[in-house]
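Note sheet for the following structure.
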Amino acid sequence: MSHLTHLDATGAANMVDVSGKEATVRIASAEGTVVMQPETLQLIRKGDSKKGDVLGTARLAGIMAAKRTHELIPLCHPLLLSKVSVSCDLDEAIPGVRVSAEVKVAGPTGVEMEALTAVSVACLTIYDMVKAVDRGMRIEAVRLRSKSGGRSGDFSAP
Numbered sequence: 008m009s010h011l012t013h014l015d016a017t018g019a020a021n022m023v024d025v026s027g028k029e030a031t032v033r034i035a036s037a038e039g040t041v042v043m044q045p046e047t048l049q050l051i052r053k054g055d056s057k058k059g060d061v062l063g064t065a066r067l068a069g070i071m072a073a074k075r076t077h078e079l080i081p082l083c084h085p086l087l088l089s090k091v092s093v094s095c096d097l098d099e100a101i102p103g104v105r106v107s108a109e110v111k112v113a114g115p116t117g118v119e120m121e122a123l124t125a126v127s128v129a130c131l132t133i134y135d136m137v138k139a140v141d142r143g144m145r146i147e148a149v150r151l152r153s154k155s156g157g158r159s160g161d162f163s164a165p
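In structure tokens:
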């Protein structure tokens, strides 16, 4: 077991008890990149994917994933999210798609995992929707960009 897992006296894993923590506004943002062939990027830009609107579907998948993070990641608390936004920006220089998410809640625990899950699932959706033409795509640099609120204070990635 990881040293980060909360264990009770018997050694069993438990959710962290947040009932005594103050409900505050907490915001987290995350980012990631899907690297692909230039031709794949053009296919997405033109809207010619056989599976439909790649970026719109990826944004929706990311939002849905953020809302279900507690079902995917063991020991995450179910949260009543007040905002989830996902953006997918085409970038010729990569070439690929830059994915970012921002998640907000007013509650006793943060939303870092929800933001990271949104980005991860949006990236996976992009991969899935165009993998037939580019199986060599890479999902890279998924990371927490920033967080605010809560006892541990603010964080901003360098």
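Read in order, the letters of the sequence shown are residues 8 to 165 in our numbering.
Even glycine gets a Cβ: it sits at the ideal position worked out from N, Cα and C.
- Task: Tell whether a beta-carbon distance below 7 Å holds between S89 and V112.
- Result: yes
- According to DSSP, which residues form a beta bridge with A35? V110, K154
- Coil, strand or helix - L131 by DSSP: helix
- Message: On the DSSP letters alone, give me the boundaries of the alpha helix (DSSP H) that K74 sits inside.
- Response: 61-74
- Under three-state DSSP, which class holds H10? The pLDDT assigned to H10 is 39, lower than 50, so where the model puts this residue is not dependable; a value taken from the coordinates is nonetheless given after this. It is coil, neither helix nor strand.
- Query: So, helix, strand or coil for I51, using DSSP?
  - Reply: helix
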